[in-house]
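Listed in order, the protein sequences are those of chains A and B. Using numbering that gives the first Met the number 0, the letters of the first sequence map in sequence onto residues 0 to 320. Using numbering that gives the first Met the number 0, the letters of the second sequence map in sequence onto residues 0 to 321. Even for Gly, the Cβ is constructed at its ideal location relative to N, Cα and C. Heads up, the thing below is written out as structure tokens.
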Amino acid sequence: MTAKQNTALHTRRMLALLSYLKQGATLKLSDLSAAVGATEAEVAADLTALSYCGVPPFTPDEMIDLAIDGDSVIVLSAPPALDRPVRLSPREARALVTALEAAGHAHDDPLVTKLLEAAAAEIDPAELAATIRTGTASVPLAGIYAVLAEAIETNTKVRIGYFSAGSGTHSERIIRPHGLMNERGAWYVSGHCENADELRTFRLDRIREATSTDDHFEPPAWVSTSVAPATEDLPVAVLRLAPGSRHTEERDWPGATFNVKPNGAVFAEIPYSSATWVARRVAAGLGTIDAIETPGVRAAVREIALSGLAAIADAGTATVE
Amino acid sequence: MPDPSERLVNLALYLAKTNRFVSAEECRVAGLGYPEEQDAPAFLRMFERDKEALRAAGIAIEVNDDECYRIDRAGTYATEVTLSGEETATIRTAVAALAADESFPFAEDLTIALAKLGQGSHAPVTVTSALVDEDPRAQGSSAAIAAEAISACKFVSFDYTNAKGGSRLHEVAPYGLFFREGRWYLVGLDTSIGEIRVYALRRAAALSVNAVAPKTPDFERPEWFSVAEYSLQPFQYGPTPFDAVVHFSAEDAWRAPRLSGGTGVIEELPGGSAVWRLQAADARGLAAWCVEHGPGIVPLEPATVSDAYEMGLKEVLGRHDR
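Laid out in structure tokens, this is it:
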């Protein structure tokens, strides 16, 4: 970061802190640090700098008077002006809109509109939508995300309709949601599934609907933030991927070990918790991926191929003009 | 000399506290922190930069005919926002997580935005974000630079290594930026070939913005441009696009909008099933996508896709017959 950029950020943080400094308030440095996304040392430096700021004639009542005592800040005299939240700059509004889009809110979503009308003066959401895209905004995930986020905050059980890519089945479940994770743009909720009676991770775009119940639960002492299951003790599938086939990158197979042969073929050892999940990807190779091991995966590949061929007939009866 | 940030905060407070318009000279002599030994041209340059910095921080500064200044209160102060519990939870979790994600290109601006909204505090629940899994800091940084260039309509240049390992310098008029499955992509007009191309930013090194005349745009983005038209499924990229129809069973029809990514048209059929009419460019790729997201998703048209689906599954069956 250049000195100019550093000054700009330092200034923006100082201006953002002003509205938190109410006369007589005692604030925690840690709270202010979280509020402006800086370390406690940086916030302490910001506050020290603010204590030298004011307006003419710079008498004590026209200065920002505060005292830092350990991890607390005592506001003796509030800022002489700018003590209300300032609107978002266009760049800040862009950041907010794109972040909300990544959480499933389209540019014209009511929450986005409400925030921009109240807090941002100069941004054209349509212009932003034309140039920056951080998620598939057509996917109506915002409601599901909001239900889960609030349920986690209030330790409330949630009923979900879920499509399992592992088994290819649809089910209704009651979950105790613990945490939310974004990995490669996809959101996941981790929690205890009462139907399976174990910890599970559910991908939000495979949740058909989520409804909060009236039941509450005790939050766990520790929450895993890992999307991929632990790979120890899992069976290992061995695949042969022809050059040019799908999913030839290790990032596509969590925990996999790749061995590339001189002819370009890739042998992959893949720990798995669901044979059907591996098998579906093998079948999607349409003959370019072979499951060598395990027998269970090979059987699942056969089953998927057979059901896919049977589905052709079923779909053919659909009315399509 | 006082800290430049103190001078900027003093100027903001002064303009906000003063109800009348004040001149640049009044600001200079008000003790806000402008160096006393500074000559007039140097002061005016510094004052211009300071006003620009305050505007970038969200402070709206009015100018009257006499070149005097004051804060536009309506344009500066936010009005109170009432959020529901679910809306607050969304902002305090998803948005807060992205503010801490180094691969999100606007993390710094987002942090300040949350602070201004009064939502920037410790997230009360466990929430994490890792948008990018390969070199997240570099991709986030390149995306941030690209976004600024898109906004200012300035050319960018970068060394690009294509999928075959070939590398060369590209100069591009950046039109749009999109994120898909863990990677940032830049869409722009490549000036050497005169065509719009999509570039994976993980393959772009030393991305820089044309520094000549930074406030003068280098190009005009076409009015028809929409980045969503370039944020496609892999099977939708290719030289010869064609129309396709994919059938979703009644049980899977709700998944159609989730999987379509906003492209094409989804039509509900009697009995609850649905068809997705879309444009594709890779018959085999679309057939493979249907298998991967199935069961219950089958390509109907054109024959090249449905044949690839059927023949492919028969091949799979033959290779795994025991």
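For this session: Please report the residue range of the alpha helix (DSSP H) in which Asn9/B lies.
Result: 3-16
Exercise. Is the CB of Ala302/B under 8 Å away from at least one CB in chain A?
Worked result: no
For this session: Please state whether DSSP places Trp223/B in a helix, a strand or coil.
Result: coil
Exercise. Grouping DSSP H, G and I as helix and E and B as strand, with all else coil, what is Phe42/B?
Worked result: helix
Exercise. Buried or exposed: where does Glu182/A fall if 16 or more other Cβ atoms within 10 Å of its Cβ makes it buried?
Worked result: buried
Exercise. Chain A partners of Trp275/B, CB-CB under 8 Å?
Worked result: Neighbours of Trp275/B on chain A: none; closest Cβ ~11 Å, over 8 Å.
Problem set entry | Segment contact flag, the stretch 245-259 of chain B with the stretch 218-233 of chain A, C-beta cutoff 8 Å, min 3 pairs | no
For this session: Compare the beta carbon distance of Arg175/A and Phe216/A with 8 Å and say whether it is the shorter of the two.
Result: yes
For this session: Hey, could you find the ends of the beta strand (DSSP E) Thr256/A is sitting in?
Result: 256-259
Exercise. According to DSSP, is His348/A helix, strand or coil?
Worked result: The question about residue 348/A has no answer, for chain A in this structure spans 0 to 320.
Problem set entry | Whole-angstrom distance between Glu266/B and Thr318/A, CA atom to CA atom | Interpretation of Thr318/A is limited by its pLDDT of 49, a score under 50 that renders its predicted location unreliable; no figure is taken from the coordinates.
For this session: Out of Val94/B, Val171/B, Cys67/B, Leu176/B, point me to the one whose CA is closest to Ile192/B's CA.
Result: Val171/B
Problem set entry | Beta-carbon gap between Leu87/A and Ala118/A smaller than 8 Å | yes
Exercise. Contact check, Thr212/A vs Lys156/A under 8 Å by CB: the rounded distance?
Worked result: 5 Å
Problem set entry | Counterpart residues of Val237/A in DSSP-defined beta bridges | Glu268/A, Glu292/A
For this session: Kindly give me the distance between the Cβ atoms of Gly284/A and Ser244/A, rounded to whole angstroms, as I take these residues to be in contact under 8 Å.
Result: 5 Å
Exercise. How about Thr210/A: is its C-beta nearer than 8 Å to some C-beta of chain B?
Worked result: no
Exercise. Sorry if obvious, but does the Cβ on Glu36/B come closer than 7 Å to a heavy atom of the ligand GDP?
Worked result: Inclusion of the ligand GDP in the displayed structure is not the case, the ligand content being empty and no account of it being possible.
Exercise. If you follow the beta strand (DSSP E) that Pro298/B is part of, which residue opens it and which one closes it?
Worked result: 296-300
Problem set entry | C-beta neighbour in chain A for Ser230/B, strict 8 Å | yes
For this session: Report all residues from its chain with a CB closer than 6 Å to the CB of Asp60/A; omit the five preceding and five following residues, and keep chain order.
Result: none
For this session: Express the C-alpha separation of Leu53/B and Glu249/A in angstroms, rounding to a whole number.
Result: 47 Å
For this session: Starting from Ser225/B, find everything on chain A with Cβ-Cβ shorter than 8 Å and list it in chain order.
Result: Ala128, Ala129
Exercise. What residues match up with Trp186/A in a beta bridge as DSSP calls it?
Worked result: Asn181/A
Exercise. Between Ser225/A, Thr275/A, Thr230/A, His177/A, which lies nearest to Gly167/A when the distance is taken from Cα to Cα?
Worked result: Thr275/A
Exercise. Shorter than 8 Å from the beta carbon of Gly284/A to some beta carbon of chain B?
Worked result: yes
Exercise. Under the three-state reduction of DSSP, which class applies to Ser306/A: helix, strand or coil?
Worked result: helix
Exercise. Along chain A, in chain order, which residues have C-beta atoms closer than 8 Å to that of Tyr236/B?
Worked result: Result: empty, since nearest Cβ-Cβ is about 14 Å, beyond 8 Å.
Exercise. Going by C-alpha distance, which of Thr293/A, Cys52/A, Ala278/A, Glu268/A is nearest Leu305/A?
Worked result: Ala278/A
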